[in-house]
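Numbering (this note's numbering), first residue to last: 773 to 808.
Just so it is clear, CB atoms sit at the ideal spot from N, CA and C, and this is done for glycine as well.
For clarity, every value in this text was computed on a predicted model and none was experimentally measured.
Shown next, in structure tokens, is the structure this report addresses.
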């Protein structure tokens with residue numbers, strides 16, 4: 773639960789910063805967490 777929340781906060785932060793690479797990496801990590 774905590775890891776998912778942390779990734780989601782990072783996704784929101786990278787969206788606000790316009791950092792598409794970080795956004796992609798965080799979204800991929802979150803998907804992997806969901807399927808682990």
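Taking 6 Å as the limit between beta carbons, can you name the residues of its chain near residue i, skipping five residues before and five after?
{"i": "residue 802", "result": "779"}
{"i": "residue 804", "result": "none"}
Output needed for residue i: all residues of its chain with C-beta closer than 7 Å, excluding positions within five of it in sequence on either side, in chain order.
{"i": "residue 787", "result": "795"}
{"i": "residue 775", "result": "805"}
Report the rounded CA-to-CA distance for residue i versus residue j, giving the unit in angstroms.
{"i": "residue 785", "j": "residue 798", "result": "11 Å"}
{"i": "residue 773", "j": "residue 800", "result": "17 Å"}
{"i": "residue 781", "j": "residue 793", "result": "15 Å"}
{"i": "residue 789", "j": "residue 806", "result": "25 Å"}
{"i": "residue 777", "j": "residue 808", "result": "16 Å"}
Given residue i, which residues of its chain have a CB within under 8 Å of its CB, disregarding the five upstream and five downstream residues?
{"i": "residue 783", "result": "795, 798, 799, 802"}
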